[in-house]
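In what follows, a structure is listed as structure tokens, so that the remarks can point back to it.
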Amino acid sequence: MRSSSPDFTAPCGACQREDFGGQESLALAETHAISISVIGIPPTLAPRLAPLVGDPGDLVRQLAHLPDLVFFDTVGNLPTNHTPPLSIIGARPVDILKGDIADHATLNQSLAKWQNQGRDFGFPAGAACGWVDYNGQYTFGVYPELLIYHHRTGEWWETGNLSLELKTPATPTDFQLGDWHASLNKKEFIHAVREAKEYIAAGDIYQVNLSRRLRALCHAPNGLLPLYEKLRSSSPAPVATYMNLAGREVLSSSPETFLRFSGREIETRPIKGTRPRFADPELDSRSAFDLQRSEKETAELVMITDLLRNDLGQVCEFGSVQVTDMLQHEKLEHVHHLVSTIRGTLRDKFTPTAALSACFPGGSITGAPKKRATEIISELEPVNRGLYTGAIGYLGFNGESQFNIAIRTLIHEAGHLDYHVGAGIVADSDPKAEFEETEHKARGVRLALG
Numbered sequence: 001m002r003s004s005s006p007d008f009t010a011p012c013g014a015c016q017r018e019d020f021g022g023q024e025s026l027a028l029a030e031t032h033a034i035s036i037s038v039i040g041i042p043p044t045l046a047p048r049l050a051p052l053v054g055d056p057g058d059l060v061r062q063l064a065h066l067p068d069l070v071f072f073d074t075v076g077n078l079p080t081n082h083t084p085p086l087s088i089i090g091a092r093p094v095d096i097l098k099g100d101i102a103d104h105a106t107l108n109q110s111l112a113k114w115q116n117q118g119r120d121f122g123f124p125a126g127a128a129c130g131w132v133d134y135n136g137q138y139t140f141g142v143y144p145e146l147l148i149y150h151h152r153t154g155e156w157w158e159t160g161n162l163s164l165e166l167k168t169p170a171t172p173t174d175f176q177l178g179d180w181h182a183s184l185n186k187k188e189f190i191h192a193v194r195e196a197k198e199y200i201a202a203g204d205i206y207q208v209n210l211s212r213r214l215r216a217l218c219h220a221p222n223g224l225l226p227l228y229e230k231l232r233s234s235s236p237a238p239v240a241t242y243m244n245l246a247g248r249e250v251l252s253s254s255p256e257t258f259l260r261f262s263g264r265e266i267e268t269r270p271i272k273g274t275r276p277r278f279a280d281p282e283l284d285s286r287s288a289f290d291l292q293r294s295e296k297e298t299a300e301l302v303m304i305t306d307l308l309r310n311d312l313g314q315v316c317e318f319g320s321v322q323v324t325d326m327l328q329h330e331k332l333e334h335v336h337h338l339v340s341t342i343r344g345t346l347r348d349k350f351t352p353t354a355a356l357s358a359c360f361p362g363g364s365i366t367g368a369p370k371k372r373a374t375e376i377i378s379e380l381e382p383v384n385r386g387l388y389t390g391a392i393g394y395l396g397f398n399g400e401s402q403f404n405i406a407i408r409t410l411i412h413e414a415g416h417l418d419y420h421v422g423a424g425i426v427a428d429s430d431p432k433a434e435f436e437e438t439e440h441k442a443r444g445v446r447l448a449l450g
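No gaps in the numbering here: position 350 of the sequence shown is 350 in our numbering, and each next residue is one more.
And the structure:
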């Protein structure tokens, strides 16, 4: 229930400033604890400063003994101010919710008693954390207890008492991995690309993303957190995630934000095009220039930007949707990308869960037009995508929410380790070159696995 107390509901200017900290933050946290306890929320769930130091990865290791650990990991270069400089750790959910995101009303009802609790600190004051599979099936844990690290201020914030559970981490153990098997071999994938191009030539679609699943038997009785640590070191990403929730372990190095919500504002940031970074400045500049002059990459991003602008138009106030960045060159730790940013203001009748449902799945990893592209994907890909190209993220109890696109993601479940590799297909795609692109992505994962 939202308090009628002005002290609880009024926006807090200090909270909205990015540089909040020090004694001002401490006083602010104490005020929140008092305000929240008045309306029946335990003071331990009020956001407060925590006397912690260290990298978020270090604390995750010290909390790995707790059930259903989740870690939203902002690591590496923070590319722009579009990426909140936060890393979030959660454990010990009080409930596990499952269903279909199309029935977002049921999900909202399940979270109703937690929503609108906590002032706007610019980070979630407790959250439902989890994922939505590509087919729309969701799994969320309800996490009142979170640790939140602000990378720019160096402050740790806490809701709950997870900081009391820090322990010396156990010695990492090895895992056993079998041979990889692909859902589509070279000949089959090339044939699928040719069929997709026929649909493009016939006018059914303009672009579609096709993928192959790589699967190997995996024996990891103590989990794959050490492997995730290796991935975050070798391939840091601004919206990376580790989860060990509800029998599934997720290791995501995704660079792409699907949806971000703050108050009534919504943002999406599709990515198209990738080129490697180089230590030599001249080579690095050439690589970036090659990406920026690529007609294929720019055409794909222009199409997807328009698609996502229309998606946001379904849920946003008329006239509020704006493309604030178009074909922006962005440098991450090891790669160059082209990115667009689209923003809007949600209509009053749309909650973040309703907007997530309306925009799902992401257009950047399906195609345009989206509906027909998803039908063609179902026809040409022989296995279900599972979590791949779904969304991983959190629904903050106070509305602060974020989801990535589940690409560059390993899924450990039921004794298997899965990884999907894909390529965007357009009219002038070379089927053999598209296959080689998937092979290049697969080699990167194999190298990371050692």
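Note that CB positions come from ideal geometry on N, CA and C, so glycine has one too.
The structure displayed is predicted, hence computed values, not measured ones.
Here's a check: name, in chain order, each residue in its chain whose Cβ is nearer than 8 Å to the Cβ of residue i, leaving out the five neighbours to either side.
i: Thr305; result: Pro270, Val323, Met326, Ser340 and Ile342
i: Ala358; result: Asp311, Gln314, Val315 and Phe350
i: Thr274; result: Leu291, Val335, His336 and His337
Return yes when the C-beta of residue i is under 7 Å from any heavy atom of the ligand GDP, and no when it is not.
i: Ser320; result: Absent from the structure shown: the ligand GDP. Ligands present: none.
My output table needs one value for residue i: the three-state DSSP class, helix, strand or coil.
i: His334; result: coil
i: Val193; result: helix
i: Gly367; result: strand
i: Ile342; result: strand
i: Leu184; result: coil
i: Leu372; result: It is Arg, not Leu, that sits at residue 372 in the sequence shown. Of the three classes helix, strand and coil, the one that applies to Arg372 here is helix, per DSSP.
i: Pro226; result: helix
i: Glu379; result: helix
i: Ser320; result: coil
i: Ile205; result: coil
i: Arg152; result: coil
i: Tyr419; result: strand
i: Glu400; result: coil
i: Ser233; result: helix
i: Leu164; result: helix
Could you spell out the range, first to last residue, of the alpha helix (DSSP H) harbouring residue i?
i: Gly57; result: Pro56 to Gln62
i: Leu105; result: Before going on, a small fix: residue 105 reads as Ala here, not Leu. Looking at the DSSP string, the run of the alpha helix (DSSP H) that includes Ala105 is His104 to Leu111.
i: Ile304; result: Glu295 to Gly313
i: Ala445; result: Rather than Ala, the amino acid found at residue 445 in this sequence is Val. Element bounds for Val445: Pro431 to Ala448.
i: Pro255; result: Careful: Pro255 lies outside any alpha helix (DSSP H) and carries neither H nor E.
i: Leu283; result: Pro281 to Gln292
i: Ala358; result: Pro352 to Cys359
In the DSSP assignment, find the beta strand (DSSP E) that holds residue i and state where it starts and stops.
i: Thr139; result: Gln137 to Tyr143
i: Glu265; result: Glu265 to Arg269
i: Arg48; result: Arg48 to Ala50
i: Tyr242; result: Ala240 to Leu245
i: Gly396; result: Ala391 to Gly396
i: Val70; result: Val70 to Asp73
i: Thr409; result: Thr409 to Glu413
i: Trp114; result: From DSSP, Trp114 is part of no beta strand (DSSP E); its letter is neither H nor E.
i: Gly99; result: Asp95 to Asp100
Keeping to the same chain, check which residues put their C-beta closer than 6 Å to that of residue i; ignore five residues upstream and five downstream.
i: Phe403; result: Phe258, Leu259, Ala391 and Gly393
i: Gly90; result: Val70, Cys129, Tyr143 and Leu146
i: Ile96; result: Gly141 and Ala246
i: Ile376; result: Tyr199 and Val208
For residue i, collect the residues of the same chain with a Cβ closer than 7 Å to its Cβ; drop the 5 residues on either side in sequence, then sort them by chain order.
i: Gly367; result: Ile205, Gln207, Val208, Asn209 and Ala373
i: Asp284; result: Arg277 and Phe278
i: Lys167; result: Gln62 and His65
i: Asn135; result: Asn384
Am I right that residue i and residue j are in contact with their C-beta atoms under 8 Å? What's the rounded C-beta distance?
i: Gly122; j: Glu297; result: About 33 Å separates the two Cβ atoms, so there is no contact after all.
i: Pro255; j: Val239; result: 7 Å
Are at least three pairs of beta-carbons, each pair with one atom in the segment 221-234 and one in the segment 53-66, less than 8 Å apart? yes
Task: Three CB pairs or more closer than 8 Å across the segment 242-258 and the segment 409-416 - done: yes
Does the pairing of the segment 183-198 with the segment 426-440 give three or more beta-carbon distances under 8 Å?
yes
Segment contact flag, the segment 418-427 with the segment 380-390, C-beta cutoff 8 Å, min 3 pairs: In short, these stretches touch, since the Cβ pair count reaches three.
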